[in-house]
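For reference, the structure is listed below as structure tokens.
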Amino acid sequence: MSIIEIRDLTFSYPERNLEAVKQVSFSVDEGEYIAILGANGSGKSTLARLICGYLEPSAGRITRAQDMRMGLVFQSPGDQIVASVVETDTAFGPRNLHCSEEEVMRRTVESLDSVGLLERLLDRTRDLSQGQKQKLAVAGIVALHPTVFVLDESTSMIDPESRSHLLDLMDKWHQQGQTILHITHSLDEAHRAGRVIAMNEGKMIFDGSRQQFMAHTDMEKQLFGEPLPFNTFVSCPSAQWLPTLDNPSNEMPHGFQNDAALIFRNLTFAYGQDEFAEGQQVERKSLFENFSLAVEAGRLTALMGPSGCGKSTLMEIAAGLLSAPSGEVYSNSRPLLALQDSDHGLFEEFAADDVAFGPRNQGIAGKELVQKVQFAMGQVGLPYEKFAERQTMSLSGGEKRKVSLAGIIAMEGQVLLFDEPTAGLDAKSRRRVMEMLLSLVQAGKTVLFTTHREDEAMVAHRVVKLAATLPVSIKEVLVEESLVQEASENQSCFQQACSQQASSQQRCPKQAFEEIGMLHEQKPLGGVGLLQFLSSFGRSFSSGSNKPSIIQGLPALAKYLLFFGLFIFSFVTKHVVLAGIGVGAVILYGILARYPLKSGFLSILKLIPWLLFFFLIQIFFLPVYATDKILWEAGFLVITDTKVLSGVLLLLHLTAAFISLSVFVFSISEQEILDGLESLLYPLGKCGLPVRHVTLVAGIVFRFVPLLAQEAALIVKIQLIRGGLGDATGFFAKIRILLPLLIPLTIRTLNQASVLADALTSRYYS
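Heads up, the sequence shown is in our numbering, so the first residue is 296 and it goes up one at a time.
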């Protein structure tokens, strides 16, 4: 029996001036398992959103059976997360369905267990890896018990073991009678379905059984192209080249050097160390302990491992975006990194301008700049003539990823890092990217990339596998002590030579590195302090604490009343002495909550430039009254006792407000925020006010503010990698480097608001 009927379906995006879906017709029977295939930009995701009701057709119609519950898993997992805690996020949908609390908890536990995230039940969603976020997005939809599962590339960012587990779970759903529409780029995933639909440029080009599709070899070749080539020189992992049937000798290929271009030496790094954990027994997620790895020059190296094992972290340390507490990174040039989710960080309006951002910062302009952009876009399969003037926000997910890769290629660095460069790409695009990585190596570059796919890893000349087991000392890695030791000795010799030349007032030549093949020690990028501030700011809205205290033990409503009392008092008082008492009261509030006041005051110190800015506004723009005592006068600038007191009063107000808000967030859980606000507004609910909508808005604020901080951090990361921003000193210099972030962050804010609205819809909030 058909539960979905689609007839002559057509849809056009107004901003793209093209039809994403063209005259598509088919029906879906109850209990069917359908795979929907197609290249990036073929209209698959648009079709899924049309089927689920997120978009209205431009023409044609969709008929759905009554009382159907559609469950759509988004292509980008971060877009579907609506809460800051794993448990709360998964429970959000069942609560919207008005399930009892017992049923909500049962569904939450079962859903998280089904995707292997039950042990992360109380973790912050911001601490999850991309792969773990994808699992969480699936769990949130599973908890809805939908009639139809629609999964849009739901396996694109998870490791093989998790992928296999999720596919087995889909088979189980199908056996239980569930209807499944699986959008995928994987041939083996398509072969699990009973029926296959293929799309190309918005049109449906195939609709038949799995057996018919498998027999249609020309169709498979059209969609997936040729399989990836295996490299004949693969070590996994070994210090020696492994001979193969095609190449029985054990000699290194011509043109490759046997020295290192990138070395990680004795790195130690852990997540979970933040300013709000001071004095608490927080379980830190240790990723690296005395970790060492040498990446050979002129080779393509694949880095593999399960989600959350530290692959992306290692890349960011190498690129200077993260600072390891101990250990060093050596490289023959500054490593350039294409981030895993860099397609979300496109900040220029047009594709060609985004690709050109890095070369422009290198001082390249004119015809040479155009040539570099054309070459880079061609390398990733985005013809310059077709895509140069395409708006970045109108591109498909796969096309955005290609633009982000081209932005790194255009900078022509010597050491290139690619974090999951093929995630979300179709088979032909994946092959093009892998061929592009090989061509970069053939041009003399050193390339390190992460992947979950064995076929991609086998293209590389060497594979390094990281295990999830801790500590890192037992991770399976290739540690070439001779290279590490040699680099260390060379670095020491070079520093000694520099010291001797400096004493003789001679300049230490940069060529010394190149002449003897030495490596530079790579320090964190200059603007990384801005990243730390954004991270700290985001954590301040979602830190929380389970540490027992007097404040922690109060009911949610009492926490609200206490906070509002202190917060309002800190602003309404007009006397400096009373304002000082207000600051003292919020400090006592923090002590009773066992809040790390030292960290709070350090955060305030970081805001001093802004506080001084507001203080100066008081000095410049407040009027001078006849009763004022003039303290200093120079031309139009007059400083009086009233102005100074007003400035001091403002600083006290802001300090009290900041600390009280920080302590409140520190001492209350996200669910308490919603419960307390609902209790606070209970009388208004009796009068007909939609209290639940108000509480949801409050919850969204506590999710949305850290989300925007993450968006800003992503844009900052990409601009730092591409030579933007930099290390600014002084108040006005810091303001100046923030200006390039305003437009892209505003665009991302508007886009994220739209995405969040879709996320709420996907969880049946109404």
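For every residue, glycine included, the Cβ atom is placed at its ideal position computed from N, Cα and C.
Starting from residue i, follow the alpha helix (DSSP H) in both directions and report where the run begins and ends.
i: N391; result: 381-391
i: L947; result: 936-962
i: I1063; result: Any property of residue 1063 remains undetermined from this structure, which presents the chain solely from 296 to 1061.
i: Y679; result: 679-682
i: I475; result: Run containing I475: none in the alpha helix (DSSP H); it sits in the beta strand (DSSP E), 474-478.
i: M400; result: 396-409
For the beta strand (DSSP E) containing residue i, list its first residue and its last residue.
i: Y625; result: 621-626
i: K667; result: No beta strand (DSSP E) contains K667, which is instead part of the alpha helix (DSSP H) from 661-674.
i: R359; result: 354-359
i: F501; result: 498-504
i: D303; result: 297-308
i: I492; result: 490-495
i: E751; result: Per DSSP, E751 belongs to no beta strand (DSSP E); it is in the alpha helix (DSSP H), 749-752.
i: V698; result: Not the beta strand (DSSP E): V698 falls in the alpha helix (DSSP H), residues 692-704.
i: A633; result: 631-633
i: D447; result: 443-447
Roughly how many angstroms lie between the CA atoms of residue i and residue j, to the nearest whole one?
i: Q429; j: C604; result: 15 angstroms
i: L852; j: S1049; result: 32 angstroms
i: G821; j: I1013; result: 13 angstroms
i: V590; j: G411; result: 33 angstroms
i: L690; j: L677; result: 11 angstroms
i: G860; j: L956; result: 12 angstroms
i: G435; j: T745; result: 27 angstroms
i: E751; j: A334; result: 18 angstroms
i: T305; j: Y349; result: 14 angstroms
i: V577; j: D418; result: Residue placement at V577 cannot be trusted, given a pLDDT of 40 that sits under 50; what the coordinates show is reported in the next sentence. Roughly 12 angstroms separates the two Cα atoms.
i: D466; j: T442; result: 15 angstroms
i: I876; j: I882; result: 10 angstroms
i: L431; j: V377; result: 11 angstroms
i: R685; j: L392; result: 41 angstroms
i: H870; j: G971; result: 32 angstroms
i: I769; j: V758; result: For I769, the predicted model reports a pLDDT of 28, less than 50, meaning its position is unreliable and no value from the coordinates is stated.
i: V437; j: S406; result: 6 angstroms
i: Q535; j: L588; result: Bear in mind that the predicted position of Q535 carries a pLDDT of just 33, short of 50, making it unreliable; the figure below should be weighed with that in mind. Distance between the alpha carbons of Q535 and L588: 15 angstroms.
i: Y1059; j: I968; result: 21 angstroms
i: T563; j: D714; result: 20 angstroms
i: R356; j: V665; result: 45 angstroms
When the Cα of residue i is compared with those of the options, which residue comes out closest?
i: A683; options: I704, K981, A646, L439; result: A646
i: H756; options: L595, S628, T717; result: L595
i: C394; options: H440, D362, V377; result: H440
i: M731; options: T383, M672, K681, G848; result: M672
i: S307; options: S297, L984, R344, E680; result: R344
i: H460; options: H480, E484, V323, V871; result: E484
i: L873; options: L940, G658, R889; result: L940
i: G336; options: E325, A315, C347; result: A315
i: A921; options: L911, L907, I1010, D936; result: D936
i: F961; options: P843, M400, A360; result: P843
i: Q817; options: M729, R629, L367; result: R629
i: A888; options: E300, P620, I846, K924; result: I846
i: I301; options: P309, F508, S320; result: S320
i: A1007; options: R696, D384, V650, Q827; result: Q827
Is the beta carbon of residue i less than 8 angstroms from the beta carbon of residue j?
i: K723; j: G520; result: yes
i: E456; j: G719; result: no
i: L617; j: T608; result: yes
i: I475; j: H469; result: yes
i: L712; j: L743; result: yes
i: S626; j: A701; result: no
i: V445; j: M365; result: yes
i: T358; j: E382; result: no
i: I704; j: Q657; result: no
i: Y328; j: G489; result: yes
Secondary structure at residue i, three-state DSSP: helix, strand or coil?
i: Q429; result: helix
i: L892; result: helix
i: M547; result: Since pLDDT at M547 reaches only 35, below the 50 mark, its modelled position is unreliable, and no value is offered.
i: D324; result: strand
i: V368; result: strand
i: M599; result: strand
i: T922; result: coil
i: G333; result: strand
i: K818; result: coil
i: D554; result: coil
i: F519; result: helix
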